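Enquirer:
2 protein chains.
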Amino acid sequence: MIERVCVVGAGVIGSLFAGHLARVANVSCLVRREDHARALNETGLRVSGRHEFVGRVAAATDPGELEEPDLVLVCTKATGLEDAAGALAGHFPRATVMTTQNGLGAEEILRARGEWPIVSAVTFMSGTKHSDTHVEYILDTETWLGPYEDTPYNRVEEIAGLLARAELEVQALPDLRPAQWSKLIFNATVNGVAALTGLPHDVHFADPEHLGGLVEELMTEGKRVAGAAGVELRDDPWEMNVLATQRGSAHFPSMLEDVEAGRPTEVELINGALVRAAERAEVDAPLQSALYAMIRGREASYS
Amino acid sequence: MIERVCVVGAGVIGSLFAGHLARVANVSCLVRREDHARALNETGLRVSGRHEFVGRVAAATDPGELEEPDLVLVCTKATGLEDAAGALAGHFPRATVMTTQNGLGAEEILRARGEWPIVSAVTFMSGTKHSDTHVEYILDTETWLGPYEDTPYNRVEEIAGLLARAELEVQALPDLRPAQWSKLIFNATVNGVAALTGLPHDVHFADPEHLGGLVEELMTEGKRVAGAAGVELRDDPWEMNVLATQRGSAHFPSMLEDVEAGRPTEVELINGALVRAAERAEVDAPLQSALYAMIRGREASYS
């Protein structure tokens, strides 16, 4: 029975989880800034948009100040994961830890810091953070969960049940890798092309007269890597791309927001992970490698 | 004997040619803006940097106001070439016309508007335009000239002689295509990667741990296209790249300046020309095609 949840990182995704879960569980937030913790303790966490309510949370910058949770949701960006894993080391030995980062490799980074059972997740939710205590819930799309290593599947189902009670869209899967890889190939391509071109994820990405041909080739390369790595994809990334671009309002991928703000991107766990998987599986991925090299080039241009 | 030269377009390259040539010939400038013409007529054209002097020029926005020249140097950017060719149509029937645009295809655009003998040129000069009447001469690198169609070679040598007397570095070549293609492959790659990454042409472009691998593969593709098109390159683009990055001060390719200013780029005559040449020669050029698609994507992001 999950009674206490600790959400690590209260950006968009962390805030959406914490705000919703506060209605059905005892929620704490581990954040980096003292003023962020103070604001959350004082005013709670407001969710607007698809759902409207204010959730009460207990926030701190030190895990030692929080009650021992049954479940830890690690919701930092990939770029903050090493620090978050370091902060959790030695804490909450009875908790299950769930990763939500884009790309591949978040589980290994946490495993290096503790023996917690780990559940992997990918989420398609999106929102906008208006302040430290207010997040707008924009896309109420699904979060998918699956066991990592020998985490029992009923633990995964229990977490999925909790998220569903909190009115989030969720699916438990006995094997997450097919879903994780579908999103990996989608994200490596869409985030990468968006970051380099400056275009949000819009109709250009599916138009064969424009970027559609390139996007399809990048995804075909990704699918070849997945096949060589022994992963059968859950969803076809190209169909995900076509569907998403038909949604009407163009989505701004986080990697595009990062390069426009001159921030480090999640390139290593996304594009880097895909290119390294291609190398391990000994398949060529020249276009994905080009994207990876150029995004790192873009990061090098900040200084 | 070349006594009168008309320079069309007084950006960096046009100003460098006009300023230098004014010392050894009667120079006129055809520009787009009335205030630019007036300023040039009033104060002349100042060259600073490698050379220091002020050249007298006669400027106008209408070719009908200029004396008939023996030689027309078309120095607009590729994006202004259609308009310039249209303005020249029906004028200066006894003149030879020289193109200086990057990439491939400038000659065809002019031929469609008149029967002038055409000389092709590629130039490696660079400078900075400080005002409408002041250009700084930064790199005193060569300009290469060659005949287009049946233009007699002695006409090319005569122009080269004039440029040399004006103290510009110049070389006449019986066949310019090997040089034009070397620069095409160099520019398609270096301008394209710079525009997408935001990096000036610096050491990253030759570093195998960074963008060097991608740059070399892009150039290898370009060389395959040249070979299939029957062109033997004058200089190896990869060696040009390594040499240029060893120069010390990083160069800002014009396509990078264009995308940062939100201006149309020269992508069609450079990357577009290379990709279309690959299609005609029936060779694959997936990386160059990716660059071409993403630069057009970047242009689409302006609006």
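Residue numbers (our numbering), protein chains in the order written: chain A, 1 to 303; chain B, 1001 to 1303.
Glycine included, every Cβ here is placed at the ideal spot set by N, Cα and C.
As the structure is a prediction and not an experimental result, all values here were calculated from the model.
(1) Based on the DSSP secondary-structure assignment, which residues constitute the bridge partners of Y137(A)?
(2) D62(A) to V27(A), Cα distance in whole Å?
(3) Give the range of the alpha helix (DSSP H) segment to which M1240(B) is assigned.
(4) Looking at A285(A) and E232(A), is the spacing between their C-beta atoms short of 9 Å?
(5) Taking only beta-carbon atoms, is T1197(B) less than 9 Å away from chain A?
(6) 9 Å is my cut-off, CB to CB: does R1298(B) come that close to chain A?
(7) Below 6 Å CB to CB, which residues in the same chain sit around V1170(B) once its five sequence neighbours on both sides are set aside?
(8) Any beta carbon from chain B within less than 9 Å of H210(A)'s own beta carbon?
(9) Between which two residues does the beta strand (DSSP E) holding L1211(B) run?
(10) For I118(A), which of helix, strand or coil comes out of DSSP?
(11) At 3 residues or longer, and completely inside the stretch 261-295 of chain A: list those beta strand (DSSP E) runs for me, N to C.
(12) Along the chain, where does the beta strand (DSSP E) that runs through S1028(B) open and close?
(13) Is it buried or exposed, H130(A), if we count other Cβ atoms within 10 angstroms and call 16 or more buried?
(14) Express the C-alpha separation of D1035(B) and L1104(B) in angstroms, rounding to a whole number.
(15) Check whether the stretch 103-118 of chain A touches the stretch 268-275 of chain A, counting contact only when three or more Cβ pairs, one atom from each stretch, lie closer than 8 Å.
(16) What residues of chain A sit near L1287(B), judged by a beta carbon separation below 9 Å?
(17) Please classify N154(A): is it buried, with 16 or more other beta-carbons within 10 angstroms of its beta-carbon, or exposed?
(18) So for H1201(B), helix, strand or coil by DSSP?
(19) Can you give me, in chain order, the residues of the stretch 1098-1124 of chain B that have a beta carbon less than 8 Å from any beta carbon in chain A?
(20) Alpha carbon to alpha carbon, how far is L1287(B) from F92(A)? Give it in angstroms, no decimals.
(21) Within this structure, are the beta carbons of T1133(B) and G1044(B) separated by less than 9 Å?
(22) If we cut at 9 Å on Cβ distances, does H251(A) have a partner in chain B?
(23) Relative to the alpha-carbon of T1096(B), which residue among E1279(B), E1042(B), S1120(B) and L1081(B) has its alpha-carbon at the smallest distance?
(24) How about G1248(B): is its C-beta nearer than 9 Å to some C-beta of chain A?
(25) Could you confirm whether any beta carbon from chain A is found closer than 9 Å to the beta carbon of L1139(B)?
(26) To the nearest angstrom, report how far apart L1071(B) and V1007(B) are at their CA atoms.
(27) Specify the secondary structure class of H251(A) as computed by DSSP and reduced to three states.
(28) Is L1291(B) near G297(A), with beta carbons less than 9 Å apart?
(29) Taking D1202(B) as the reference, give the member of R1247(B), S1303(B), V1054(B) and T1076(B) with the closest Cα.
(30) Would you identify the three-state DSSP class for L173(A), choosing helix, strand or coil?
(31) Quick check on D306(A): buried or exposed, where buried means 16 or more other Cβ atoms within 10 Å of its Cβ?
(32) Tell me, please, whether the CB atom of E217(A) is closer than 9 Å to any CB atom in chain B?
(33) Flag this pair as touching only if the stretch 177-193 of chain A and the stretch 238-255 of chain A have three or more C-beta atom pairs under 8 Å; answer yes or no.
(34) Please list the partners that H959(B) has in chain A, where partner means a Cβ-to-Cβ separation under 9 Å.
(35) Go to G1146(B), then tell me how far its beta strand (DSSP E) extends in each direction, as first and last residue.
(36) Measuring CA to CA, which of E1268(B), A1179(B), G1262(B) and E1282(B) is closest to L1081(B)?
Expert: On the basis of the coordinates in this document:
(1) Numbered from its first residue, the first sequence carries residue 137(A) at position 137. G49(A) and G127(A).
(2) Here residue 62(A) refers to the residue found at position 62 when the first sequence is read from its first residue. Here residue 27(A) refers to the residue found at position 27 when the first sequence is read from its first residue. Their Cα atoms are separated by approximately 15 Å.
(3) Taking the first residue of the second sequence as position 1, residue 1240(B) is located at position 240. M1240(B) -> alpha helix (DSSP H) spans P1237 to T1245.
(4) Taking the first residue of the first sequence as position 1, residue 232(A) is located at position 232. Taking the first residue of the first sequence as position 1, residue 285(A) is located at position 285. No, these two residues do not count as a Cβ contact at 9 Å.
(5) Here residue 1197(B) refers to the residue found at position 197 of the second sequence. Closer than 9 Å to some Cβ of chain A, the Cβ of T1197(B) qualifies, so yes.
(6) Walking along the second sequence from the start, residue 1298(B) turns up at place 298. So, interface residue.
(7) Here residue 1170(B) is taken as the residue at index 170 of the second sequence, counted from 1. The answer, listed in chain order, is T1143, A1160, L1163 and A1164.
(8) Translated into positions along the first sequence, residue 210(A) becomes position 210. By this cut-off, H210(A) is an interface position.
(9) Taking the second sequence and counting its residues from 1, the one referred to as residue 1211(B) is at position 211. Looking at the DSSP string, L1211(B) is not in any beta strand (DSSP E), and its letter there is neither H nor E.
(10) For the purposes of this step, residue 118(A) is taken as the residue at position 118 of the first sequence. If DSSP states are grouped into helix, strand and coil, I118(A) belongs with the strands.
(11) none
(12) Taking the second sequence and counting its residues from 1, one reaches residue 1028(B) at position 28. First-last of the beta strand (DSSP E) with S1028(B): N1026 to L1030.
(13) Position 130 of the first sequence holds residue 130(A). H130(A) comes out exposed.
(14) The residue you call residue 1104(B) lines up with position 104 of the second sequence. The residue you call residue 1035(B) lines up with position 35 of the second sequence. Their backbone Cα atoms lie some 32 Å apart in a straight line.
(15) yes
(16) On the second sequence, residue 1287(B) is found 287 positions in, with the first residue counted as 1. Simply P286, L287 and A290.
(17) Mapped onto the first sequence, residue 154(A) falls at position 154. When all chains shown are included, N154(A) counts as exposed.
(18) Counted from its first residue, the second sequence places residue 1201(B) at position 201. H1201(B): strand per DSSP, three-state reduction.
(19) none
(20) Walking along the first sequence from the start, residue 92(A) turns up at place 92. Walking along the second sequence from the start, residue 1287(B) turns up at place 287. So the two alpha carbons sit approximately 49 Å from each other.
(21) Counting from 1 along the second sequence, the entry for residue 1133(B) is found at position 133. Counting from 1 along the second sequence, the entry for residue 1044(B) is found at position 44. Result yes, Cβ atoms of T1133(B) and G1044(B) sit closer than 9 Å.
(22) Indexing the first sequence from 1 puts residue 251(A) at position 251. No, H251(A) does not count as interfacial toward chain B.
(23) Position 96 of the second sequence, counted from the first residue, corresponds to residue 1096(B). Of the candidates E1279(B), E1042(B), S1120(B) and L1081(B), the one whose C-alpha sits nearest the C-alpha of T1096(B) is S1120(B).
(24) Position 248 of the second sequence, counting from 1, holds the residue named residue 1248(B). With 9 Å as the cut-off, G1248(B) does not count as an interface residue toward chain A.
(25) Here residue 1139(B) refers to the residue found at position 139 of the second sequence. False, the Cβ-Cβ gap to chain A never drops below 9 Å.
(26) The count along the second sequence starts at 1 and reaches residue 1071(B) at position 71. The count along the second sequence starts at 1 and reaches residue 1007(B) at position 7. Distance between the alpha carbons of L1071(B) and V1007(B) is about 8 Å.
(27) Residue mapping note: residue 251(A) aligns to position 251 of the first sequence, counting from 1. H251(A): strand per DSSP, three-state reduction.
(28) Residue numbering aside, residue 1291(B) sits at position 291 when the second sequence is read from its first letter. Residue numbering aside, residue 297(A) sits at position 297 when the first sequence is read from its first letter. Their beta carbons are not under 9 Å apart, which means L1291(B) does not touch G297(A) by this criterion.
(29) Locating residue 1202(B) in the second sequence gives position 202, counting from the first residue. Comparing Cα positions, the closest option is R1247(B).
(30) By one-based count along the first sequence, residue 173(A) stands at place 173. L173(A) falls in the coil class under three-state DSSP.
(31) With chain A covering only 1 through 303, there is no way to say anything about residue 306(A).
(32) As a first step, residue 217(A) is located in the first sequence; it is residue number 217 there, counting from the start. Output row for E217(A): interface = yes.
(33) yes
(34) Residue 959(B) lies beyond the residue range present for chain B, which begins at 1001 and ends at 1303; the question has no answer from this structure.
(35) The residue labelled residue 1146(B) in the question sits at position 146 within the second sequence. Segment T1143 to P1147, the beta strand (DSSP E) holding G1146(B).
(36) The residue labelled residue 1081(B) in the question sits at position 81 within the second sequence. Minimum Cα distance to L1081(B) is reached at E1268(B).
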